[in-house]
Amino acid sequence: EYAESTAWQQRAPAIVDLGQSLSLMSDTKLAAANSSAAAGSMPHLVSAPQDLADVKGIGRTYEQRLYNAGIGSFWELAVCSDDDLKNILEINELQMLSIDLDAIRADARRLAEETGTVGMLWDGEAPDDFEPINGIGKTFEQRLYDGGIRTYKALAAATPEQLAGIVKAKKPSQPDYQSWIDQARALVQPAGGE
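The structure is reproduced here in structure tokens:
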């Protein structure tokens, strides 16, 4: 009897791995996984976050708060409860008068559907916001995230050649990758330098 009940695990190891990952996740992530299954899509884990500032009503400040709370995909944002969003985004009662959480979720769902990422669950560390670094805009920031460079520390440790391979900027204008690295190093060094 036991052998029969566990035989499926040998035939579907990816589902077993997903189940083990899900068992360690927060209630918010589990709700996103359940919603994904209910929508007919298999939940899947990714290490690079999506650009949540693309969602109407989510700017860079709210995006960073979502990342810090472990929300990094359009799908996860689309299925967040009102209470979770109020807590994560640190919305007070006065702000609630001008913020439409249903509209935010609806736009996040639209983006998840349009990008084919329904069921996507982010399991990475919160990325740093690279846009304050001179020369890095929204597009290059997302390319860096997708290429595995998500923190100032990782950017500071990269070489100009590695960054050129990740960013793939179109000619004739090429970013000053060394400047990015230098700026990132300044941000990771403690006050007063070493």
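Note that my numbering gives residue 210 to position 176 of the sequence shown, counting from 1, and the numbers run on in steps of one.
Backbone N, C-alpha and C define an ideal beta-carbon position, used for all residues, glycine too.
Give me whichever residues DSSP pairs with residue 155 in a beta bridge. 79
Can you tell me the Cβ-Cβ gap for residue 200 and residue 183, rounded? I've got them flagged as a contact below 8 angstroms. 6 angstroms
Could you tell me the distance, in whole angstroms, from the CA atom of residue 202 to the CA atom of residue 164? 17 angstroms
Among 60, 43 and 48, whose alpha-carbon lies nearest the alpha-carbon of residue 156? 60
Given a cut-off of 8 angstroms on the beta-carbon distance, is the pair residue 151 and residue 107 in contact? yes
Three-pair Cβ contact test at 8 angstroms for the region 90-98 versus the region 70-81: no
Rounded to whole angstroms, what is the Cα-Cα separation between residue 88 and residue 123? 16 angstroms
Exposed or buried, which one is residue 169 when buried takes at least 16 other CB atoms within 10 Å? exposed
CB contact flag (residue 86, residue 64, <8 angstroms): no
Verify whether the separation of the beta carbon atoms of residue 190 and residue 222 is less than 8 angstroms. yes
Thinking residue 82 and residue 179 are a contact (beta carbons under 8 angstroms), I'd like their distance in whole angstroms, please. 5 angstroms
Indicate the three-state DSSP secondary structure (helix, strand or coil) for residue 184 in the structure shown. coil
Give me the Cβ distance between residue 109 and residue 146, rounded to the nearest whole Å; I'm assuming they're in contact under 8 angstroms. 4 angstroms
Burial state of residue 195 (16 or more Cβ within 10 Å): exposed
So the alpha helix (DSSP H) residue 138 belongs to, where does it begin and stop? 135-148
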